[in-house]
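Take a look at the structure below.
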Amino acid sequence: MGCMDLREWIALLEREGELRRIKASVNWDREIGTISRKVLERKGPALLFENILGHEKTRGRKVFTGGIGTRQRLALALGFPRDVGNKEIVQYVMKKNREQIAPTIVPTGPVKENIVKGPDVDLLEFPVPKWHFLEGGRYINTYACIVTRDPDTRVQNAGIYRGMVGKKNTIPSLLIKGGQHWGQHFAKYADRKQKMPVACVIGWDPVMGFLGGSPLPAGVCEFGVLGAYRNEPVPLVKCETVDLEVPAGAEIVIEGLIDPDPATYEIEGPFAEFTGYVSDIPTPRPSIHVTCVTHRNDPILRGTQEGNMPGSYSENAVISSAQRAAIAWNVLNSAGIPGILDVYADPITCGINIYIKIRKQYQGQPKQIAAALWGNSAGQGRYKHVFVVEEDIDVTSYEQIDWAIAYRVNAGHGGIVVFPGLFGHPLDPSTPLEERDINQLGSGIWNRVLIDATRNWHFQRRPEWGGERFPPTVTPAPEDEQLVLKRWKEYGFD
């Protein structure tokens, strides 16, 4: 499968019955966001809004959202059948995340069909939604890939970071120096007292957002990894006003500079965040000062409704479910930990909780797993609670995990381990505000927890238990089960 632009992705979703075109007039102010939320609750289709109030004749007139709103659509984006299982996707992502095909520079592309510079830039010429009624403004960067370049290595990074429209040509953004790759780049530019070049890529291949929202290792360009996923080089074009390269087939590219001088910061927030809670009070943050906008004819604004609630999780959640599991599995493999059978990050927590299935080989194995995850940079804002189970437990089944926790965890015998004071996510509302002060601490502070739901090897094997450390379960004998299933229809069952 080669690279897809957003329009090819929309066409594929439509062929698969996974797209709904909304032709009724809708308001950018909260209505698009509320519709998106209700569709997420119903695990409904991707949405293309084609008639937005006040944007009938502006540069942009359409909004696309929900492209990877379900596991089935993620499978389609990766080239799998819709019903593929967790392990197949995770192991594919593990493999592809470690491969690269270098991008190629092309002279031009559809994103150059329109070029707007200087005083002509007006970001509200695009139908930017106010997604939630408590948000501080209209968020243009919810699913944009923000491209920056390391000034030392000159390797580009593409990550998903939130940003709202400030003035007509500014985007105040959540920028964390300690944990985010663009934040690390920004710190280097700040040390040099230089402005950081930025390009916001809105709307392209669905794998771009899949990778941009994932913590690939520092120094690895997402466009190189994307090429490996698509088995061909990603075609990039040079930006007009900044020293960066972006996908030639993107819908919209916003170029600009971020000044490290706090006097240039603008108020950003609140925002309905991935945690399912609205984030902190409005705060002065670094702002992208836009120098140029390039876009396709009749551009489609790609955005997303953030925030996860029980029964209603976001695109970011679906992405994290696969990526955070794959990254964790690669971390454990790199640490040399044996016996890893499956890894699952549930969508509702975006990988804050992680579930590991093992073939247990020694008593300290679960603690080694937790230590490896917590000591890796990929755990910066994830893997707060690590659950380890054995091979008889399905890591995607809350029922089975709950049973293992109930009858294999004894807190007084090492079943629960708390690791206090480790780096954590500054947006976690369970953390006191003073421990979320990134200006003071560099990141949030977490007390991380291991729940070891494996059978305790301190227990002696007993002959009455068939030489095992735990008594047998109430599962029928295989021969009894086989007999009953053979006669199942005789009993009057379907």
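1696 is the number that our numbering gives the last residue of the sequence shown; the numbers go up by one with no jumps.
Heads up, the beta-carbon is just placed ideally off N, CA and C, and yes, glycines get one too.
Can you give me the start and stop residues for the alpha helix (DSSP H) that residue i sits inside?
| i | result |
| --- | --- |
| Pro1408 | 1408 to 1414 |
| His1383 | 1383 to 1393 |
| Tyr1585 | No alpha helix (DSSP H) holds Tyr1585; DSSP gives it neither H nor E. |
| Thr1677 | From DSSP, Thr1677 is part of no alpha helix (DSSP H); its letter is neither H nor E. |
| Ala1528 | 1517 to 1536 |
| Thr1496 | Counting along the chain, Thr1496 falls outside any alpha helix (DSSP H), though it belongs to the beta strand (DSSP E) covering 1489 to 1497. |
| Tyr1431 | 1424 to 1432 |
| Ala1573 | 1567 to 1576 |
| Leu1242 | 1233 to 1243 |
Quick check on this structure: which residue in the options has the alpha carbon closest to the alpha carbon of residue i?
| i | options | result |
| --- | --- | --- |
| His1383 | Phe1625, Pro1628, Cys1423 | Cys1423 |
| Ile1317 | Asn1612, Ile1603, Thr1443 | Thr1443 |
| Phe1621 | Arg1209, Gln1642, Tyr1585, Ala1606 | Tyr1585 |
| Ile1224 | Ile1234, Leu1215, Arg1217, Glu1218 | Ile1234 |
| Gly1515 | Lys1240, Arg1209, Ala1401 | According to the sequence provided, residue 1515 is Tyr. The question's Gly does not apply to it. Ranking Lys1240, Arg1209, Ala1401 by Cα distance to Tyr1515 puts Lys1240 first. |
| Arg1222 | Pro1247, Gly1204, Phe1672 | Pro1247 |
| Lys1298 | Trp1333, Gly1429, Ala1389, Gly1626 | Gly1429 |
| Ile1554 | Phe1473, Gly1583, Ile1560 | Gly1583 |
| Thr1306 | Val1313, Asp1354, Ala1401, Pro1449 | Pro1449 |
| Leu1624 | Gly1338, Thr1677, Glu1290, Leu1575 | Leu1575 |
| Ala1279 | Ala1420, Glu1220, Glu1243 | Glu1220 |
| Gly1368 | Phe1388, Val1492, Ile1362 | Val1492 |
| Thr1350 | Lys1314, Ala1389, Phe1328, Phe1335 | Ala1389 |
| Pro1472 | Tyr1609, Glu1508, Asn1499, Asn1578 | Glu1508 |
| Lys1314 | Glu1453, Ile1483, Tyr1479 | Glu1453 |
| Leu1534 | Phe1476, Ser1579, Ile1502 | Ser1579 |
| Lys1370 | Ile1490, Ala1679, Ile1237, Val1308 | Ile1490 |
| Thr1344 | Ser1536, Val1295, Trp1333 | Trp1333 |
| Pro1419 | Phe1589, Glu1470, Gly1581, Gly1626 | Gly1581 |
| His1497 | Ile1404, Gly1513, Ala1613 | Ile1404 |
| Glu1218 | Leu1208, Gln1274, Glu1243, Arg1232 | Gln1274 |
| Ile1640 | Lys1379, Gly1421, Gln1386 | Lys1379 |
| Pro1188 | Ile1571, Leu1376, Arg1671 | Only positions 1203 to 1696 of the chain appear in this structure, which leaves residue 1188 out of reach. |
| Ile1303 | Glu1434, Trp1230, Trp1690 | Glu1434 |
| Leu1325 | Glu1670, Gln1642, Arg1664, Met1366 | Met1366 |
| Glu1517 | Trp1690, Pro1331, Leu1249, Gly1320 | Leu1249 |
| Asp1463 | Lys1397, Cys1441, Pro1501 | Lys1397 |
| Trp1605 | Val1590, Pro1417, Tyr1431 | Val1590 |
Between which two residues does the beta strand (DSSP E) harbouring residue i extend?
| i | result |
| --- | --- |
| Asp1724 | One cannot answer for residue 1724 here, as it falls past the ends of the chain, which runs 1203 to 1696. |
| Arg1217 | That residue, Arg1217, is in no beta strand (DSSP E); its alpha helix (DSSP H) goes 1208 to 1217. |
| Gly1458 | 1454 to 1460 |
| Glu1327 | Where Glu1327 is concerned, there is no enclosing beta strand (DSSP E), given that its DSSP letter is neither H nor E. |
| Tyr1546 | 1542 to 1546 |
| Leu1249 | 1248 to 1251 |
| Leu1221 | 1221 to 1224 |
| Tyr1341 | 1341 to 1343 |
| Pro1419 | Careful: Pro1419 lies outside any beta strand (DSSP E) and carries neither H nor E. |
| Met1511 | Premise fails: Met1511 is in no beta strand (DSSP E) and is neither H nor E. |
| Cys1205 | Segment: none, Cys1205 is in no beta strand (DSSP E) and carries neither H nor E. |
| Ala1401 | 1398 to 1404 |
To which residues does DSSP link residue i through a beta bridge?
| i | result |
| --- | --- |
| Lys1440 | Glu1447 |
| Asn1555 | His1587 |
| Arg1561 | The partner list for Arg1561 (beta bridge, DSSP) is empty, contrary to what the question assumes. |
| Leu1503 | Val1265 |
| Ala1474 | Val1480 |
| Val1367 | DSSP lists no partner for Val1367. |
| Ala1360 | Val1349 |
| Ser1375 | Gly1365 |
| Thr1485 | Glu1470 |
| Ile1254 | Val1228 |
| Glu1666 | DSSP output for Glu1666 lists no bridge partner at all. |
| Lys1332 | Asp1231 |
| Glu1592 | Ile1560 |
(request) Count the CB pairs spanning the stretch 1457 to 1468 and the stretch 1406 to 1416 that are closer than 8 Å, and state whether there are at least three. (result) In short, these stretches do not touch, since the Cβ pair count stays below three.
(message) For a minimum of 4 consecutive residues, which ranges assigned as the alpha helix (DSSP H) are wholly contained in the stretch 1608 to 1664?
(response) Residue ranges of uninterrupted alpha helix (DSSP H) with 4 or more members, entirely inside the stretch 1608 to 1664 and ordered along the chain, are 1640 to 1643.
(request) Starting from the N-terminal side, write out each stretch of the alpha helix (DSSP H) that is 4 residues or longer and does not extend beyond the stretch 1261 to 1319. (result) 1273 to 1279, 1288 to 1298
(request) Indicate whether the contact test is met: 3 or more Cβ pairs, each with one atom in the stretch 1554 to 1570 and one in the stretch 1532 to 1545, closer than 8 Å. (result) yes
(request) Answer yes if the stretch 1522 to 1533 comes into contact with the stretch 1546 to 1556, meaning at least three C-beta pairs across the two stretches below 8 Å, and no otherwise. (result) yes
(message) Does the contact criterion of 3 or more C-beta pairs under 8 Å hold for the stretch 1630 to 1647 versus the stretch 1389 to 1401?
(response) The way I'd put it, the stretch 1630 to 1647 doesn't touch the stretch 1389 to 1401; fewer than three beta-carbon pairs between them come closer than 8 Å.
(request) Mind the definition here: the stretch 1636 to 1643 touches the stretch 1654 to 1663 only if three or more C-beta pairs lie below 8 Å; say whether that holds. (result) no
(message) With three or more beta-carbon pairs closer than 8 Å as the criterion, would you say the stretch 1463 to 1477 touches the stretch 1352 to 1359?
(response) no
(request) Examine the Cβ distances between the stretch 1203 to 1216 and the stretch 1252 to 1260 and report whether three or more of them are shorter than 8 Å. (result) Counting Cβ pairs under 8 Å, fewer than three are found: no touch.
(request) Count the C-beta pairs between the stretch 1261 to 1270 and the stretch 1288 to 1295 that are closer than 8 Å, then say yes if the count reaches three, no if not. (result) no
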